[in-house]
Amino acid sequence: MQTHPNVQVVQDALDAAGARDGSGGPCQVQLLPEAVHTAVAAATALGIEVGQIANSLIFDADGEPLLVLTSGAHRVDTAKVAADIGITALRRATPEFVRENTGQPIGGVAPLGHPKPVRTLVDVALEQYPQIWAAGGVPRAVFPTTYAELLRITAGTAAEVA
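Here the sequence shown is numbered in our numbering, starting from -17 and rising by one per residue.
In structure tokens form, the structure reads like this:
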């Protein structure tokens, strides 16, 4: 099977960052048998807890993209995050805004591999898991990593987002 260009971009970004998977090996994007559009579906497909899924959510933060990597076990409190980062409004981004700023579709947005850096917050709730899973550029691609690696490879900021 030919690799989707988005998946290759994400794998290349993981390789360039020297990203590790939580068991000491390099991060490898894996393709699931079917697309997973929710944290519950991804967790079920992987046989893990829903909290181990790092949802990649792009928001419109006063016109600029903000990537929030949140545990699949809860929702982002947009008013709290907006106040914490000093913006007036944090809105759900349109599919066009997401693709323009990440090059990836909703449901498959990876934490990295975007056309240009995106300000990123990483949910501190993910720290409790020895391994977490993130999207790999399309809705059926995922990769394992750790909280510390996610912070490092995204140059993200640890944050309470719920």
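Cβ atoms here follow ideal geometry from the backbone N, Cα and C, with glycine treated the same way. These figures come from a predicted structure and were not determined experimentally.
Local conformation of residue i per DSSP, three classes
{"i": "Arg73", "result": "strand"}
{"i": "Ala117", "result": "strand"}
{"i": "Gln(-10)", "result": "helix"}
{"i": "Leu39", "result": "strand"}
{"i": "Asp44", "result": "coil"}
{"i": "Thr136", "result": "helix"}
{"i": "Met(-17)", "result": "At Met(-17) the pLDDT is 45, less than 50, meaning the model places this residue with poor confidence and gives no usable figure here."}
{"i": "Thr84", "result": "helix"}
Chain-order list of residues whose beta-carbon lies under 7 angstroms from that of residue i (same chain, five-residue window excluded)
{"i": "Ala(-2)", "result": "none"}
{"i": "Val(-11)", "result": "Val11, Gly118, Gly119, Val120 and Ala123"}
{"i": "Ser38", "result": "Leu49, Leu51, Val91, Ala92, Pro93, Ala116 and Ala117"}
8 angstroms Cβ cutoff met for residue i and residue j
{"i": "Arg101", "j": "Leu49", "result": "yes"}
{"i": "Glu142", "j": "Val106", "result": "yes"}
{"i": "Glu31", "j": "Ala25", "result": "yes"}
{"i": "Thr127", "j": "Ala21", "result": "no"}
{"i": "Gly4", "j": "Gln113", "result": "yes"}
Neighbourhood of residue i by C-beta, 6 angstroms cutoff - its chain only, sequence neighbours within 5 removed
{"i": "Ala75", "result": "Ile40, Phe41 and Asp42"}
{"i": "Ala23", "result": "none"}
{"i": "Pro77", "result": "Ile88"}
{"i": "Thr60", "result": "Leu72"}
{"i": "Met(-17)", "result": "Here the model assigns Met(-17) a pLDDT of 45, short of 50, so the residue's position is not dependable and the matter cannot be decided."}
Residue range of the unbroken alpha helix (DSSP H) whose run includes residue i
{"i": "Arg122", "result": "No alpha helix (DSSP H) holds Arg122; DSSP gives it neither H nor E."}
{"i": "Val147", "result": "This structure gives no information on residue 147, because the portion of the chain shown stretches from -17 to 144."}
Run of the beta strand (DSSP E) containing residue i, from where it starts to where it stops
{"i": "Val104", "result": "Arg101 to Asp105"}
Nonlocal neighbours in the same chain, by C-beta distance under 8 angstroms from residue i, ignoring five residues either side
{"i": "Asp(-6)", "result": "Gly95"}
{"i": "Ala137", "result": "Pro99 and Thr102"}
Could you say if the segment 33 to 45 and the segment 61 to 74 meet the contact criterion of at least three C-beta pairs nearer than 8 angstroms?
yes
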